[in-house]
Amino acid sequence: MKIIQKYFVMSIFIFVVISSSVFSLPIDQNCSVKTIFGELPAIIDGEPEKARLLRPWALCVLDNILYFSEEDCVIRTIDLEKGIVKTIAGLKNKAGSSDGSLVDARFNGITAIVTDGKNLYVSERFNQTIRKIDLKKGLVSTIAGKTKEKGNLDGPGNLARFNQPFSLACDVKNLYIGDGFNYSIRMLSLETGMVSTLAGKAKSNGYQDGKGENARFGIIGGLVCEGKDLYVIDGDNKAVRRIDISSRTVTTLAGGPSVEIKDINSGSTLQSMNTCALVEKKLYITEPDTGIIGAIDIDTGRYSILAGADESRKNGSRVPSRDGTGVDARFGYVVGIVAYKGQLYITDAFDSTIRTITLNDLVVKTLVGKTTNNFIVHSMAVIDSYLYFTTHTDASIKRFNLLTQVVENYAGNSEDPQRVDGSLFESRFWIPQFMVSNGTDIYLCDGNLRKIDTKKSSVSTLSDINGPLVIINDTLYVFSNNAIYSVNTFTGKTTVIAGKPGVAGVVDGYGESARFQRYSSITTDGTYIYVIDSFIRRINPLDFEVKTISRKTGLEICCWSNEHMYVIQLHSLGIFDLNTGNINIIAGQKGVEGNSDGSGTKALFSWPQGLMVFNDKLYLSTNKTIREID
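Residues in the sequence shown are numbered from 2 upward in steps of one, following our numbering.
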C-alpha cells in the first residue's frame, strides 16, 4: 500500500503521523534531546526575575521567610522582603531518607511543612515519616515513623507507624498529622515524642461524627489549628470537619457525602478540597480541580468564592492562568496555602509558580516563577517548516515556525470554544486533541472529525467521530468508541471496519467480531494499522483482520518509522521490538519524571502527550514544551 503523506505524527491520547520518506532512523541512545519551544520548569535560585520553580507543593512562613517544597525532595525559601530564592535542603532528583545537615539530608514525598515558631516539621508520604528541621543548628532528624514502613502503631516516635501522612498542623505543643490511608488524625507530642490517635480508626474509612475512634474520615487533606479546635479537610467526603482537641469530639462544619457546599453568591458547588489556612474565623480552602480559592465562615459554615473561577469544565480544557482581582484571576493547579500578614500564599504546581492573594482587596499576583506560555502542547503535525499543534488549554490551533521558532494562533479562538466551519478566522473548535497531516491538509478531532485545508485556509467537518487517527492514501483511520473507522478524506464517508461501537473487549477476529478497549494510540507502518488499547493490536485495512501481536502492557504512545515502533512508557522513550516484546530505552528513564534536556537517558520527561517523526527527527510534547530528539 503506497503512502502518499509526507509525515506521520502521533499524539497522545494519541495519534500518530508517520513519514513516507526513508529516514536514517532508528534514533539510538546517542540521541540528543533539546527543548525547541517553551521553557522547562527548573530549580534555579536567585532574584525573583531569574528564579525558577519546579512544581512547588507544601509551604509555610516563619519570620518573613517562606519555606516550600518542590519535586517531593527539595526545600527552598523565598525572602519575602528581598524576593531572593534559595535552596536550603534536599537535592533535585535525589530522593532519600538520610538525616544530618541541611546539605546532606534527603527527603522523599514531602506533603506538608509547618512550624512551631522555631523549627520546621515535614511529613513524607513515601518515607512514611515525620522529620524535624532545626533551623538554628541546620540539622534534619526523623522524629516519628520508620523509612518506608507502613503501619498504624501509636507509641514512641521511633516505634510509631503511618500510612502516607499527607498533612500537618501545629499548636506549639503538638503536631497533628493527617494520616492519609489510615483515615485518622494522629497527634505527636513535641515534649515527649509520643504518638497517639486523636480521632478516626485505622483501616476504617467512612463518614461519621463522634468521639475519638468512633469518628470516621475519608482520606485526610489539609489541617489547621485555632485555639482548642482542629479543622480538617475531609476531601473524600467533601466535608470540613472540626475536632475539639481536648474532648476528641468530631463534628461537621460544612458539607458531607449528601450535603453540597455552595457559594453564597453564585450558587456553584464546591467540587474538591485540598488544603486550608485560617484567618479571623475564615477558613480558606484550595479547590485544585477548578482553580478556585474559597472561604468558609467557621461560625456559620457559609462558603464564598474569593478568587479564580470554575472554567475547567466549560470546554474540557485548562484555562490559562493569569493574575487579576478576585474571580477575574485564574490558577493552574492550586495545592498549598498559608496565611501571613494579610496575605495568602499559594503554590500553583501546574504553572510552577507561587501566587499571592491580598485579603483586603483580593488582588492576585505571581510572587515567584514564570510561565512562558499558557498552553499544554498535545497533538502535533508538520507541513513544510511549520509544526501545528493542539493544546489542552484553549480551543484554537497553534502554529510553530521550526526555522524562526515563533508561535502564532493559526485557527479558531481560544476564548470561544464551539464548533464552527469557515475561514481560519471564522472557524471555532471544541477541545481540539488528535491531529494528523498528509503534507497538505490537517485533520483533527475535537469531538467531531475536522479538516483544515491549508491551501484554501478553510475548516470543514468530515464526520461526527472522535479519537486518535492516522492517514493512508486518501483514507483516515480513527480509533473511536471501541472501534476502528475509515473515513474518506474527500467525501467524509465513514465506515466501521473493525470492532463494534460501544462494545468493549479484547477479542481478535475479522471486522465486527473483533473487540477493542478504550483508545490510547494509533499508528501505521504503511501496510498495517497498529493500536494500543490494553495490548498492541494490528489491523489489516484490506481484510479487516485484527490480531494481538504483543501483550506488553503499560505503553502509552506509539509512532512508527523506518520499520521501528517508538513508544512512550512511564516518562521514557524507547524502541519496541515486536518479536521479543522488549523495549530499548533511548531517551528519558522509565518511572523517573523530570524536565531536563541532555543526551539519551540523561534527558528527563514529564508525562509526554504527543510524539511524531519529521525529517529524521522525533518531536515529543511534554507539558508546555516541544522537545526535539535528534
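Using N, Cα and C, we set each Cβ at its ideal position, and we do this for glycine too.
Which residues does DSSP pair with GLY70 in a beta bridge?
Mapped onto the sequence shown, residue 70 falls at position 69. The sequence shown places Ser at residue 70, not Gly. Beta-bridge pairing links SER70 to ILE76.
Whole angstroms are fine: how far does the CA of GLN419 sit from the CA of LYS625?
Taking the sequence shown and counting its residues from 1, one reaches residue 625 at position 624. Taking the sequence shown and counting its residues from 1, one reaches residue 419 at position 418. Roughly 23 Å separates the two Cα atoms.
When every heavy atom of the ligand SAH is checked, does at least one fall within less than 7 Å of the C-beta of VAL196?
Absence of the ligand SAH is noted for the structure shown, with no ligands found whatsoever.
Three-state class that DSSP yields for ARG249 in the structure shown
Numbered from its first residue, the sequence shown carries residue 249 at position 248. ARG249 falls in the coil class under three-state DSSP.
What's the C-alpha gap between VAL421 and ILE466?
Position 420 of the sequence shown holds residue 421. Position 465 of the sequence shown holds residue 466. One C-alpha to the other measures close to 16 Å.
Who are ILE45's beta bridge partners in DSSP?
For the purposes of this step, residue 45 is identified with residue 44 of the sequence shown, where counting begins at 1. BP columns for ILE45 point to ARG53.
Which residue's Cα is closest to the Cα of ARG53: GLU72, LYS35 and ILE66?
Here residue 53 is taken as the residue at index 52 of the sequence shown, counted from 1. The residue among GLU72, LYS35 and ILE66 with its C-alpha nearest the C-alpha of ARG53 is GLU72.
Which residue comes first and which comes last in the beta strand (DSSP E) that contains ALA604?
Here residue 604 refers to the residue found at position 603 when the sequence shown is read from its first residue. Where ALA604 is concerned, there is no enclosing beta strand (DSSP E), given that its DSSP letter is neither H nor E.
Which partner residues does GLY101 have in the DSSP bridge list?
Numbered from its first residue, the sequence shown carries residue 101 at position 100. DSSP, once it has assigned bridges, lists VAL141 as partnering GLY101.
What whole-angstrom Cβ distance do CYS74 and ILE111 have, given they're in contact under 8 Å?
As a working note, residue 74 is residue 73 in the sequence shown. As a working note, residue 111 is residue 110 in the sequence shown. Rounded, the Cβ-Cβ distance is 7 Å, consistent with contact.
CYS32 to THR441, Cα distance in whole Å?
Locating residue 32 in the sequence shown gives position 31, counting from the first residue. Locating residue 441 in the sequence shown gives position 440, counting from the first residue. Rounded to the nearest angstrom, the two C-alpha atoms are 29 Å apart.
Three-pair Cβ contact test at 8 Å for the stretch 168-185 versus the stretch 218-234
yes
If distances are taken between C-alpha atoms only, which option among LYS204, VAL339, ARG77 and ASP100 comes closest to LYS93?
Here residue 93 refers to the residue found at position 92 when the sequence shown is read from its first residue. The candidate whose alpha carbon is nearest that of LYS93 is ARG77.
Which residues in the same chain as ILE294 place their Cβ atom closer than 8 Å to its Cβ, once the five residues preceding and following it in sequence are excluded?
Working through the sequence shown from its first residue, we reach residue 294 at position 293. Around ILE294: TYR285, ILE286, THR287, GLU288, ILE306, LEU307, ALA308, GLY309, PHE332, VAL335, ILE338, LEU345, ILE347 and ILE358.
Nonlocal neighbours in the same chain, by C-beta distance under 6 Å from LEU470, ignoring five residues either side
To locate residue 470, count along the sequence shown from 1; it is residue 469. The answer, listed in chain order, is PHE16, PHE435, VAL437, LEU477 and VAL479.
Among VAL614, SER597, ILE537 and LYS548, whose alpha-carbon lies nearest the alpha-carbon of ASN583?
Locating residue 583 in the sequence shown gives position 582, where the first residue counts as 1. The residue from VAL614, SER597, ILE537 and LYS548 with its alpha-carbon nearest to that of ASN583 is ILE537.
Taking all protein chains shown into account, decide if ARG323 is buried (16 or more other Cβ within 10 angstroms of its Cβ) or exposed.
Here residue 323 is taken as the residue at index 322 of the sequence shown, counted from 1. Under this definition ARG323 is an exposed residue.
Count Cβ pairs between the stretch 425-433 and the stretch 395-404 that sit closer than 8 Å; are there 3 or more?
Proximity of the stretch 425-433 to the stretch 395-404 meets the contact definition, three or more beta-carbon pairs being nearer than 8 Å.
Buried/exposed call for GLY390, threshold 16 Cβ in 10 Å:
Position 389 of the sequence shown holds residue 390. Looking at the sequence provided, one finds Phe at residue 390 rather than Gly. With 16 or more other Cβ atoms within 10 Å, it is buried.
Let me check understanding here. Comparing Cα to Cα, which of VAL365, VAL328, SER353 and ASP329 lies closest to GLY343?
As a first step, residue 343 must be located in the sequence shown, where it is residue number 342. Among VAL365, VAL328, SER353 and ASP329, the Cα nearest to that of GLY343 is on VAL365.
Could you say if the stretch 136-144 and the stretch 163-174 meet the contact criterion of at least three C-beta pairs nearer than 8 Å?
no
DSSP on PHE351, reduced to helix/strand/coil?
As a working mapping, residue 351 is identified with position 350 in the sequence shown. Three-state result, PHE351: coil.
Of the listed residues LEU571, MET566 and HIS572, nearest to ASP578 (C-alpha basis):
Residue mapping note: residue 578 aligns to position 577 of the sequence shown, counting from 1. ASP578 has its Cα closest to that of MET566, out of LEU571, MET566 and HIS572.
From ARG56, PRO57, SER386 and GLY84, pick the residue whose C-alpha is nearest to that of ASN65; which is it?
Within the sequence shown, numbered from 1, the residue matching residue 65 stands at position 64. With distances taken between Cα atoms, ASN65 lies closest to GLY84.
Do ILE234 and MET274 have their C-beta atoms within less than 8 Å of each other?
Translated into positions along the sequence shown, residue 234 becomes position 233. Translated into positions along the sequence shown, residue 274 becomes position 273. Yes; because the gap between Cβ atoms is below 8 Å, this pair is in contact.
Which residues does DSSP pair with ASN482 in a beta bridge?
The residue you call residue 482 lines up with position 481 of the sequence shown. In DSSP, ASN482 forms no bridge with anything.
Just to confirm the assignment, what range does the beta strand (DSSP E) spanning ALA106 have?
Along the sequence shown, read from residue 1 onward, the residue named residue 106 stands at position 105. Segment: none, ALA106 is in no beta strand (DSSP E) and carries neither H nor E.
Use the C-beta contact count for PRO166: other C-beta atoms within 10 angstroms, 16 or more gives buried, fewer gives exposed.
Within the sequence shown, the letter at position 165 stands for residue 166. The residue in question, PRO166, is buried, as its Cβ has 16 or more Cβ neighbours within 10 Å.
Check whether the stretch 236-246 and the stretch 204-218 touch, using three or more Cβ-Cβ pairs below 8 Å as the test.
yes
Just to confirm the assignment: which complete beta strand (DSSP E) runs, minimum length 3, are found wholly within the stretch 192-242?
Here the runs fully enclosed are 195-201, 221-227 and 230-235.
Under 8 Å between C-beta atoms of ASN159 and LYS151:
Counting from 1 along the sequence shown, the entry for residue 159 is found at position 158. Counting from 1 along the sequence shown, the entry for residue 151 is found at position 150. Between ASN159 and LYS151, the C-beta gap is not smaller than 8 Å, which leaves the two residues out of contact.
Between the CA atoms of ILE630 and LYS35 - distance to the nearest angstrom
Against the sequence shown, residue 35 aligns to sequence position 34. Against the sequence shown, residue 630 aligns to sequence position 629. C-alpha separation (whole angstroms): 7 Å.
Go through its chain and collect everything with a Cβ distance to LEU363's Cβ below 7 Å, but skip five positions before and after it.
Taking the sequence shown and counting its residues from 1, one reaches residue 363 at position 362. If you ignore the 5 residues before and after LEU363, its C-beta comes within less than 7 Å of the C-beta of LEU307, ALA308, THR326 and GLY327, all in its own chain and listed in chain order.
Roughly how many whole angstroms lie between the Cα atoms of THR632 and LYS51?
Any answer about residue 632 is impossible in this case: the structure gives the chain only from 2 up to 631.
With DSSP collapsed to three states, give me the class of GLY84.
Against the sequence shown, residue 84 aligns to sequence position 83. In this structure, GLY84 counts as coil in the three-state DSSP scheme.
Under the three-state reduction of DSSP, which class applies to GLU281: helix, strand or coil?
Within the sequence shown, the letter at position 280 stands for residue 281. Correct three-state label for GLU281: coil.
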